[in-house]
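A.B. asks: First, the structure itself, so that you have it in front of you.
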Amino acid sequence: MERETGAREGLKGWLNPGKIGKFGIERLAWLLMRLTGLGLLAYFIGHIYETSHILDGKAVWDKSLEMTQTTEGHLFLALVIGMCVFHTGNGIRLMIAQMGYGIGKTERPDYPYKPQSINMKGKACIYATLGMAALAMWYGMAVMFA
Amino acid sequence: MATLHPKLSEERSQTVVSSTKSVKLKIKRSNPNVNSDQQFDDFVVPIEKWTTVLDALLDVKSHLDHSVGIRYSCRQASCGSCGMKINGKPGLACFTKISELNSDTITVEPMDNYPVVRDLAVNMDRMISNHKKVMPYVIREDSEIDAESGIREFLQSPENVDKYIQFSSCIKCGLCNSACPTMAMDKTFVGPQALAQAYRYIADSRDKGKNKRLKVIDESHGIWRCHFAGSCSQVCPKGVDPAMGIQLLRGYLLGIRD
Ligand code: HEM
Ligand code: SF4
Ligand code: FES
Chain A
734 MERETGAREG
744 LKGWLNPGKI
754 GKFGIERLAW
764 LLMRLTGLGL
774 LAYFIGHIYE
784 TSHILDGKAV
794 WDKSLEMTQT
804 TEGHLFLALV
814 IGMCVFHTGN
824 GIRLMIAQMG
834 YGIGKTERPD
844 YPYKPQSINM
854 KGKACIYATL
864 GMAALAMWYG
874 MAVMFA
Chain B
3 MATLHPKLSE
13 ERSQTVVSST
23 KSVKLKIKRS
33 NPNVNSDQQF
43 DDFVVPIEKW
53 TTVLDALLDV
63 KSHLDHSVGI
73 RYSCRQASCG
83 SCGMKINGKP
93 GLACFTKISE
103 LNSDTITVEP
113 MDNYPVVRDL
123 AVNMDRMISN
133 HKKVMPYVIR
143 EDSEIDAESG
153 IREFLQSPEN
163 VDKYIQFSSC
173 IKCGLCNSAC
183 PTMAMDKTFV
193 GPQALAQAYR
203 YIADSRDKGK
213 NKRLKVIDES
223 HGIWRCHFAG
233 SCSQVCPKGV
243 DPAMGIQLLR
253 GYLLGIRD
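So the protein lines, in turn, are chains A and B.
Going letter by letter, the first sequence gives residues 734 to 879 in the numbering used here.
Going letter by letter, the second sequence gives residues 3 to 260 in the numbering used here.
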């Protein structure tokens, strides 16, 4: 029998917040990318369902629009705005990095072996994206709660 | 003996063991061959400024509990056998000084994402087989030993060497694979260690095996499972920066690099 104890860390390896402390802001961006991607996918499916009510006449359509006209609805939409901005911004960073740009140049490694692909450019992009997402959420809430 | 090596004996007797500090070493124990029990055993060990986690473990083995299961060899970050989780982060026991951990309690656990053999020793078969899968050697038809002209060299410029040399520092310690979040969920992922090695040989100007290797990694549990969390590079003790290698490797498949 093949011994498999601990061969995979499982979901704990994704969600354990301790990992972010150990592996840095890039690991947080990775986790948020995944969560926002799934969140947006869920929203997208819900959104298609919601807008499909237009086929059921004006009364049903108006009623379904009212669902988000509550405080909880506004907060939910603010979250969607934040997810959109973070996912898009971080997605662009990832596409650039994954094409091999902004991740440093290969060279002879020297102690203390700082990995070049984990650099200030990438970190600045992540912080800027988080900031933009917060700003967009704040602006959205200002409009919705006005 | 003493007369044969007077210097050595003198030196030994003069070595002052003056540890004023000690730490608690918490070792995760398990033996999957016997049962599924897991527990932490605590030991108090004296430390100096230079004491490494491996030194402390060997101290435990010599004086407190010789049954602690660990794997090590070189004690100098060269053999890649002493990888383990130290205070929650994968590291080489022989390359991690306790004084640098800034903690009075040191917790050591086996690396994540590997089957445990016993205590801190893990089974690395899967990593080694993925390493072999990417064909970690220079592939070409001709050879440096030529029937007509005898021995010749495949020449390379320093710039050529710079393209891959950092990736050739890999000691197969497997820390990168244990830090990787994809590895945490996907047992069949080829892993940062092997992907970095695929890049190492493809980027080598003497190598002609690019297409063969790209075919191996361009599959559903291959390179595309990397989402650049960067954790592999955060823990690599040799400056390999596997995450960089993987993104550069993608360039060949995306048609950006040839
Ligand atoms: C302009 C908008 C968008 C951009 C630039 C973008 C970009 C990306 C990129 C580059 C990835 C791969 C990230 C990686 O390698 O880890 C990704 C993942 C993903 N995206 Fe998007 N995306 C956008 C909009 C959306 C929308 C609207 C949805 C939902 C309907 C969505 C759902 C997902 C999901 C589920 C993933 C997988 C997450 C993961 O594997 O971690 N994305 N996106
Ligand atoms: S790439 Fe670095 S962390 Fe991974 S096996 Fe090689 S030396 Fe170890
Ligand atoms: S004992 Fe060889 S790498 Fe630590």
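Every residue gets a Cβ at the ideal spot worked out from N, C-alpha and C, and that includes glycine.
In this text, all values refer to a predicted model and were calculated from it rather than measured experimentally.
Consider the C-beta atom of residue 77 of chain B and the heavy atoms of the ligand SAH; say whether any pair is separated by less than 7 Å.
C.D. replies: Looking for the ligand SAH in the displayed structure turns up nothing; the ligands present are the ligand HEM, the ligand SF4 and the ligand FES.
A.B. asks: With respect to the alpha helix (DSSP H) encompassing residue 756 of chain A, which residues constitute its N-terminal and C-terminal limits?
C.D. replies: Here residue 756 of chain A corresponds to residue number 23 of the first sequence, with the count starting at 1. Its alpha helix (DSSP H) spans residues 751-756.
A.B. asks: Go ahead and label residue 743 of chain A buried or exposed: buried means 16 or more other beta carbons lie within 10 angstroms of its beta carbon, across all protein chains shown.
C.D. replies: For the purposes of this step, residue 743 of chain A is identified with residue 10 of the first sequence, where counting begins at 1. Its Cβ having fewer than 16 others within 10 Å, residue 743 of chain A is exposed.
A.B. asks: Nearest-angstrom Cα distance between residue 129 of chain B and residue 154 of chain B?
C.D. replies: Translated into positions along the second sequence, residue 129 of chain B becomes position 127. Translated into positions along the second sequence, residue 154 of chain B becomes position 152. So the alpha carbons of these two residues sit roughly 34 Å apart.
A.B. asks: Distance check for residue 165 of chain B and residue 840 of chain A, CA to CA, integer angstroms please.
C.D. replies: Position 107 of the first sequence, counted from the start, is the residue given in the question as residue 840 of chain A. Position 163 of the second sequence, counted from the start, is the residue given in the question as residue 165 of chain B. Taking the straight line from one Cα to the other gives about 7 Å.
A.B. asks: Quick check on residue 836 of chain A - is its C-beta less than 8 Å from some C-beta in chain B?
C.D. replies: Indexing the first sequence from 1 puts residue 836 of chain A at position 103. So yes, residue 836 of chain A belongs to the interface.
A.B. asks: Would you say residue 181 of chain B lies against chain C (beta-carbon separation less than 8 Å)?
C.D. replies: Structure shown: chain C not included; protein chains present are A and B.
A.B. asks: Just to confirm before moving on: does the CB-CB distance between residue 797 of chain A and residue 807 of chain A stay below 8 Å?
C.D. replies: On the first sequence, residue 797 of chain A is found 64 positions in, with the first residue counted as 1. On the first sequence, residue 807 of chain A is found 74 positions in, with the first residue counted as 1. Not closer than 8 Å, so no.
A.B. asks: Please report the residue range of the beta strand (DSSP E) in which residue 46 of chain B lies.
C.D. replies: To locate residue 46 of chain B, count along the second sequence from 1; it is residue 44. Unbroken beta strand (DSSP E) run through residue 46 of chain B: 40-49.
A.B. asks: Does the stretch 809-818 of chain A touch the stretch 136-147 of chain B, meaning 3 or more C-beta pairs lie closer than 8 Å?
C.D. replies: No, because fewer than three Cβ pairs between the stretch 136-147 of chain B and the stretch 809-818 of chain A fall closer than 8 Å, the two stretches do not touch.
A.B. asks: Can you pull the chain B neighbours of residue 832 of chain A, defined as C-beta to C-beta under 8 Å?
C.D. replies: Sequence index remark: in the first sequence, residue 832 of chain A carries index 99 (1-based). Under the 8 Å cutoff, chain B gives 249, 252, 253, 256 and 258.
A.B. asks: Report the option in A/740, A/877 and A/759 whose CA atom is closest to the CA atom of residue 823 of chain A.
C.D. replies: Within the first sequence, numbered from 1, the residue matching residue 823 of chain A stands at position 90. Residue 823 of chain A has its Cα closest to that of A/759, out of A/740, A/877 and A/759.
A.B. asks: Expressed to the nearest angstrom, what Euclidean distance is found between the alpha-carbon atoms of residue 191 of chain B and residue 62 of chain B?
C.D. replies: Position 189 of the second sequence, counting from 1, holds the residue named residue 191 of chain B. Position 60 of the second sequence, counting from 1, holds the residue named residue 62 of chain B. When rounded, the distance between both Cα atoms is 36 Å.
A.B. asks: Can you give the Cα-Cα distance for residue 237 of chain B and residue 256 of chain B, rounded to whole angstroms?
C.D. replies: Locating residue 237 of chain B in the second sequence gives position 235, where the first residue counts as 1. Locating residue 256 of chain B in the second sequence gives position 254, where the first residue counts as 1. Between residue 237 of chain B and residue 256 of chain B, the C-alpha separation is close to 27 Å.
A.B. asks: Which runs of the alpha helix (DSSP H) spanning at least 4 residues fall entirely within the stretch 179-256 of chain B, listed in chain order?
C.D. replies: Entirely contained in the stretch 179-256 of chain B, the alpha helix (DSSP H) runs reaching 4 residues are, in chain order, 183-187, 193-204, 212-219, 233-237 and 244-256.
A.B. asks: Any idea if residue 735 of chain A is buried or exposed, counting beta-carbon neighbours within 10 angstroms, 16 or more meaning buried?
C.D. replies: The residue you call residue 735 of chain A lines up with position 2 of the first sequence. At residue 735 of chain A, the pLDDT of 47 sits below 50, so the modelled position is not reliable; the number obtained from the coordinates is stated separately. Residue 735 of chain A is exposed by the Cβ-count criterion.
A.B. asks: Whole angstroms is fine: what's the gap from residue 6 of chain B's alpha carbon to residue 78 of chain B's?
C.D. replies: Taking the second sequence and counting its residues from 1, one reaches residue 6 of chain B at position 4. Taking the second sequence and counting its residues from 1, one reaches residue 78 of chain B at position 76. Residue placement at residue 6 of chain B cannot be trusted, given a pLDDT of 47 that sits under 50; the coordinates are not used to answer.
A.B. asks: Rounded to whole angstroms, what's the CA-CA distance from residue 862 of chain A to residue 818 of chain A? Just pull it up for me.
C.D. replies: Taking the first residue of the first sequence as position 1, residue 862 of chain A is located at position 129. Taking the first residue of the first sequence as position 1, residue 818 of chain A is located at position 85. When rounded, the distance between both Cα atoms is 7 Å.
A.B. asks: Verify the contact flag: residue 94 of chain B, CB atom, against every heavy atom of the ligand FES, threshold strictly below 7 Å.
C.D. replies: As a position in the second sequence, residue 94 of chain B is number 92, starting the count at 1. Flag set: Cβ of residue 94 of chain B near the ligand FES.
A.B. asks: Tell me whether residue 10 of chain B is buried or exposed, calling it buried when 16 or more other Cβ atoms sit within 10 Å of its Cβ.
C.D. replies: Along the second sequence, one-based indexing puts residue 10 of chain B at 8. With a pLDDT of 46 at residue 10 of chain B, under the threshold of 50, the modelled position of that residue is not reliable, and the figure given next carries that caveat. Residue 10 of chain B is exposed by the Cβ-count criterion.
A.B. asks: Return the chain-ordered ranges of every alpha helix (DSSP H) run that is complete within the stretch 797-877 of chain A and spans a minimum of 4 residues.
C.D. replies: List check, alpha helix (DSSP H) in window: 804-831 and 853-877.
A.B. asks: Excluding the 5 residues flanking residue 116 of chain B on each side, which residues of the same chain have their C-beta closer than 8 Å to its C-beta?
C.D. replies: As a position in the second sequence, residue 116 of chain B is number 114, starting the count at 1. Within the same chain, residue 116 of chain B has close Cβ partners 124, 125, 126, 128, 129, 176, 179 and 180.
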